[in-house]
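Asker: First, the structure itself, so that you have it in front of you.
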Amino acid sequence: MLRTALSCLGCAALLAACAPSLTAPTLGRIVNAKTGQEGVVTFLPGALWSGGTTTDNNVTVQIGNQTYLGRAVLLDAAVVPARPAFDLSFGLGASQWDGIAGWGWGTRLGTPPAPRTVLRTGNLIAKTTGATPLTLTCTLQVDASEHGIGDCTGSDGARYALQF
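Numbered per mature numbering (1 follows the signal peptide of the UniProt record, and there is no 0), the sequence shown spans residues -23 to -1, 1 to 141.
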């Protein structure tokens, strides 16, 4: 009986490990810079990572009664090599000045460097469907936690601010 229960538990754990992980989409807001009209931006899971999703459309933008579908693409962030967590230096010196001998010494112990936030940059191009589609182009800056900001321009000349 115990062996059967443990076998079932092991099979369940194995199946759970093979299941895809589910992540929620990232939601944000978009605001018309002139009128103040607000809308909602939805990024599909993986859309805010470099290389992101491979689907055609990974972003939906809803402003008023217009729905834009499009794709966000991000570039890899430049990684700056970190300094060591600490550094130690030691120095000695000796001299003779005006007939008087002198000497000196010193040490320095550094502290860890402050962590740096690395931002990925990219853009978003979206359009409405229909006979005369409207387009929306945005520049994006995204941090490691998939939060970011952007500036957008509509094909009608409207400017938007984006937060997510």
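Virtual Cβ for every residue (Gly too), placed ideally from N, Cα, C.
1. Starting from the Cα of V36, find the closest Cα among L52, Q43, W26 and V18 and give me that residue.
2. Please go through the stretch 20 to 44 and give each complete beta strand (DSSP E) segment of 3 or more residues, from N-terminal end onward.
3. Note the first and the last residue of the continuous beta strand (DSSP E) segment covering V95.
4. Are the C-beta atoms of N35 and some chain D residue less than 8 Å apart?
5. Report the residue from V95, G125, A135 and D120 whose alpha carbon sits nearest the alpha carbon of R6.
6. In the DSSP assignment, what are the bridge partners of G107?
7. May I have the straight-line CA-CA distance separating G16 from G41, to the nearest angstrom?
8. Let's test the definition: count the other Cβ atoms within 10 Å of the Cβ of R136 and tell me whether it reaches 16, buried, or not, exposed.
9. Out of C129, Q118 and T130, state which residue places its alpha-carbon closest to the alpha-carbon of W26.
10. For T3, count neighbouring C-beta atoms within 10 Å of its own C-beta (all shown protein chains included) and say buried if the count is 16 or more, exposed if not.
11. State the DSSP-derived secondary structure class of A121, mapped to helix, strand or coil.
12. Taking the C-alpha atoms as reference points, what is the distance between V38 and T12?
13. Ordered along the chain, which non-local residues of its own chain (more than five positions away) have a Cβ less than 7 Å from that of A10?
Answerer: By the coordinates alone:
1. V18
2. 36 to 40
3. Taken as a continuous stretch (DSSP letters only), V95 belongs to no beta strand (DSSP E), as it is neither H nor E.
4. Looking at the structure shown, chain D is missing, and only one protein chain is on hand.
5. G125
6. G107 pairs with nothing; no bridge assigned.
7. In this structure, the straight-line span from the alpha carbon of G16 to that of G41 is close to 7 Å.
8. exposed
9. Q118
10. buried
11. coil
12. Distance between the alpha carbons of V38 and T12: 17 Å.
13. R136, Y137 and A138
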